[in-house]
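Engineer: This is the structure I want to talk about, given as structure tokens.
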Amino acid sequence: MKITAAVVRERAGPFVIDAIDLQDPRPDELLVRVKASGMCQTDLHGRDGYYGTPFPAVFGHEGAGVVEAVGSAVRKFAPGDHVIMSYPWCGDCPNCRSNHMSYCFDAWGLKMRGTRADGSTLMQRAGTPVYSAFFQQSSFATHAIANERYAVKVRSDAPLDVLGPFACSIQTGAGAVLNAMRPRAGEGFALFGAGAVGLSGLMAAKIAGCDPIIVVDIHDQRLAIARELGATHTINHAARLDSVAEMRRVTGGGVHYSLETSAVPAVFRTAVEVLMPGGTCILVGSARPGVDVALDMSFLQNGRSVRGVIQGDSVPETFIPKLVDLMLAGQLPVERMMTFYDLADINRAATDAAQGTTIKPVLRMPGGEV
Ligand SMILES: [Zn+2]
Ligand SMILES: [Zn+2]
1014 MKITAAVVRE RAGPFVIDAI DLQDPRPDEL LVRVKASGMC QTDLHGRDGY YGTPFPAVFG
1074 HEGAGVVEAV GSAVRKFAPG DHVIMSYPWC GDCPNCRSNH MSYCFDAWGL KMRGTRADGS
1134 TLMQRAGTPV YSAFFQQSSF ATHAIANERY AVKVRSDAPL DVLGPFACSI QTGAGAVLNA
1194 MRPRAGEGFA LFGAGAVGLS GLMAAKIAGC DPIIVVDIHD QRLAIARELG ATHTINHAAR
1254 LDSVAEMRRV TGGGVHYSLE TSAVPAVFRT AVEVLMPGGT CILVGSARPG VDVALDMSFL
1314 QNGRSVRGVI QGDSVPETFI PKLVDLMLAG QLPVERMMTF YDLADINRAA TDAAQGTTIK
1374 PVLRMPGGEV
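In terms of this note's numbering, the sequence shown is residues 1014 to 1383.
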């Protein structure tokens, strides 16, 4: 079928809105009419060639929409279902088999290769392949094909416009807190980086009853949003405040938990230095391979731990519906960090995100009314 997609024709090139061909779904796949898709830093890194995804390519990995057709072997979904397309996993490696699918052995390839696991592409333009299985969805398009394994059914009374980012950034931040840290009420929480992942973690820390909730960022407007969402203290790192001293002043002996989202080694180090003895720092910021950090060994030995977490340690099929319920109950006001754009304005959305004026761009697809 003919669809409209934002195609990147060459490395670091602009997104170009184009008509291209999408295949029919295979027996275990769904055809999804995309209503809206969040845009992540990862999409822009993909556009810029950091991950080796071949071009031309369609990016996008936070798609939400309505199932339009299902393959012959699909059992869990039917046309008309509202779905979020979450991160892909192979279903067959030791981590997938033990429900730790965010650490799938083939996660990187399934996300970045731009093809299905068997090397096939899903889209063509004038008979030539378009690399179109970015995160096995390529959601910057009016339609996408998703494997039923990682599509997640969501309640139909939730507004689809805001659901896409649950697929990646919201699940990543909220899951790092609710699934990996599991803080108890009254325990201290510090967030480094008030982007979409970080603010999702902050909202989760508030749900868990953390106190204090301290947020460090370099943008005053982001710190203002962090205060609205539940931060009890904010620190503007650009103002050269000593974050460690300031946190010790607020907490006495440091925080139980810190969440590092910036992927900057010096910030990561600070996120460890603010821990009380026995505290845990969770690293979710994605640095490029080869980036090192120096940590004080004797400081770490005092019961402190550091853990990397991907996609919030979550099992999307159960965790995402739980988060959607929290949103509808008013406890996860995720729309507060979103700015909406038409797909035609995708390049402006990318620029705004890169400059930090928009926290979470969400692209609305043409003809996506439900
Ligand atoms: Zn796997
Ligand atoms: Zn993402």
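Glycine residues also receive a C-beta, built at the ideal position from the N, C-alpha and C atoms.
Quick check on residue 1029: buried or exposed, where buried means 16 or more other Cβ atoms within 10 Å of its Cβ?
Structural biologist: So residue 1029 ends up on the exposed side.
Engineer: Closer than 6 Å is what we want: which residues have a beta carbon that near any heavy atom of ligand 2? List them in chain order.
Structural biologist: Listed along the chain, these residues meet the criterion: 1053, 1055, 1074, 1181 and 1182.
Engineer: What are the partner residues of residue 1156, as DSSP defines its beta bridges?
Structural biologist: Answer by DSSP bridge pairing, in chain order: 1046.
Engineer: Give me the Cα-Cα distance between residue 1352 and residue 1306, rounded to the nearest whole angstrom.
Structural biologist: Each residue's Cα considered, the two are about 34 Å apart.
Engineer: Taking just the CA atoms, how far does residue 1363 sit from residue 1058?
Structural biologist: So the alpha carbons of these two residues sit roughly 11 Å apart.
Engineer: Looking at ligand 1, does it come within less than 7 Å of residue 1208, judged from the CB to the closest heavy atom?
Structural biologist: No, the Cβ of residue 1208 stays beyond 7 Å of every heavy atom of ligand 1.
Engineer: Residue 1104: beta carbon under 7 Å from a heavy atom of ligand 1?
Structural biologist: Residue 1104: yes, Cβ under 7 Å from ligand 1.
Engineer: Does the Cβ of residue 1383 have 16 or more other Cβ atoms within 10 Å, making it buried, or fewer, making it exposed?
Structural biologist: Note on residue 1383: pLDDT 47, under 50, position unreliable in the model; no value is reported.
Engineer: Mark residue 1085 as exposed unless 16 or more other C-beta atoms lie within 10 angstroms of its C-beta, in which case mark it buried.
Structural biologist: Per the 10 Å Cβ criterion, exposed.
Engineer: Would you say the beta carbon of residue 1192 is closer than 7 Å to some non-hydrogen atom of ligand 1?
Structural biologist: Residue 1192 Cβ: outside cutoff for every heavy atom of ligand 1.
Engineer: Helix, strand or coil for residue 1347? Go by DSSP, reduced to three states.
Structural biologist: Residue 1347: helix per DSSP, three-state reduction.
Engineer: Just to check, is the beta-carbon of residue 1108 closer than 7 Å to a non-hydrogen atom of ligand 1?
Structural biologist: Yes, the Cβ of residue 1108 comes within 7 Å of a heavy atom of ligand 1.
Engineer: Short of 6 Å in beta carbon distance, which residues of its chain neighbour residue 1378, apart from the five on each side in sequence? Order them along the chain.
Structural biologist: For residue 1378, where only same-chain residues beyond five positions count, the Cβ hits under 6 Å are 1047, 1155 and 1356.
Engineer: How many Å lie between residue 1017 and residue 1109 at the Cα?
Structural biologist: Rounded to whole angstroms, residue 1017 to residue 1109 spans 33 Å at the Cα level.
Engineer: Hey, would you say the C-beta of residue 1148 is under 7 Å away from at least one heavy atom of ligand 1?
Structural biologist: No, since every heavy atom of ligand 1 falls outside the 7 Å radius drawn around the Cβ of residue 1148.
Engineer: With a threshold of 7 Å, establish whether the CB of residue 1223 neighbours any heavy atom of ligand 1.
Structural biologist: It does not: the Cβ of residue 1223 is nowhere closer than 7 Å to a heavy atom of ligand 1.
Engineer: For a test of the three-state rule: what should DSSP assign to residue 1406, helix, strand or coil?
Structural biologist: With the chain covering 1014 to 1383 only, the question about residue 1406 has no answer from this structure.
Engineer: So, does the stretch 1234-1241 touch the stretch 1189-1198, judging by three or more C-beta pairs under 8 Å?
Structural biologist: No contact exists between the stretch 1234-1241 and the stretch 1189-1198.
Engineer: So what's residue 1083 in DSSP terms, helix, strand or just coil?
Structural biologist: DSSP places residue 1083 in strand when its eight states are reduced to three.
Engineer: Hey, would you say the C-beta of residue 1125 is under 7 Å away from at least one heavy atom of ligand 1?
Structural biologist: It does not: the Cβ of residue 1125 is nowhere closer than 7 Å to a heavy atom of ligand 1.
Engineer: Taking the Cβ atom as the reference point for each residue, do residue 1224 and residue 1249 lie within a distance shorter than 8 Å?
Structural biologist: Cβ distance not < 8 Å, so residue 1224 and residue 1249 don't count as in contact.
Engineer: Mapping the DSSP letters down to three states, classify residue 1383 as helix, strand or coil.
Structural biologist: Confidence in residue 1383 is poor, its pLDDT being 47 and thus under 50, which makes the residue's placement unreliable; the coordinate value appears in the next sentence. Coil.
Engineer: How would you write the range of the beta strand (DSSP E) that residue 1321 sits in, first residue to last?
Structural biologist: Residues 1318-1321.
Engineer: Report the rounded CA-to-CA distance for residue 1278 versus residue 1231, giving the unit in angstroms.
Structural biologist: Cα to Cα, residue 1278 sits roughly 15 Å from residue 1231.
Engineer: Could you spell out the range, first to last residue, of the alpha helix (DSSP H) harbouring residue 1184?
Structural biologist: Per DSSP, residue 1184 belongs to the alpha helix (DSSP H) from 1182-1188.
Engineer: Could you check the C-alpha separation between residue 1215 and residue 1094 for me, to the nearest Å?
Structural biologist: So the two alpha carbons sit approximately 30 Å from each other.
Engineer: Work out the CA separation of residue 1324 and residue 1266 for me, nearest whole Å.
Structural biologist: Each residue's Cα considered, the two are about 30 Å apart.
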